[in-house]
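Numbering (numbering that gives the first Met the number 0), first residue to last: 0 to 54.
Just so it is clear, CB atoms sit at the ideal spot from N, CA and C, and this is done for glycine as well.
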Amino acid sequence: MFYFLVVIAVLLLGYAAVLVSFVRRGKKIPPAAYLALAGLNGLILAGVLAWAVSR
0 MFYFLVVIAV LLLGYAAVLV SFVRRGKKIP PAAYLALAGL NGLILAGVLA
50 WAVSR
């Protein structure tokens, strides 16, 4: 379970870096990007809660 959280966290950081590069180039962030970001955050939250409950 810990490795799953690490993989999701790395994906989240990479995705955030892509969004930051969009903003630096002056491009608008598409609305779907916010949905994907919320989905990754939800996965991390669900994983942390599942890990905490299983301990």
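For residue j and residue i, believed in contact at Cβ under 8 Å, the rounded distance
i      : j      : result
Tyr-14 : Ala-31 : At roughly 12 Å, the Cβ-Cβ gap does not stay under 8 Å, so Tyr-14 and Ala-31 are not in contact.
Under the three-state DSSP convention, the category residue i falls into
i      : result
Ile-7  : helix
Pro-30 : helix
Arg-23 : helix
Identity of the residue in the options nearest residue i by Cα
i      : options                 : result
Gly-41 : Ile-7, Phe-1 and Val-17 : Ile-7
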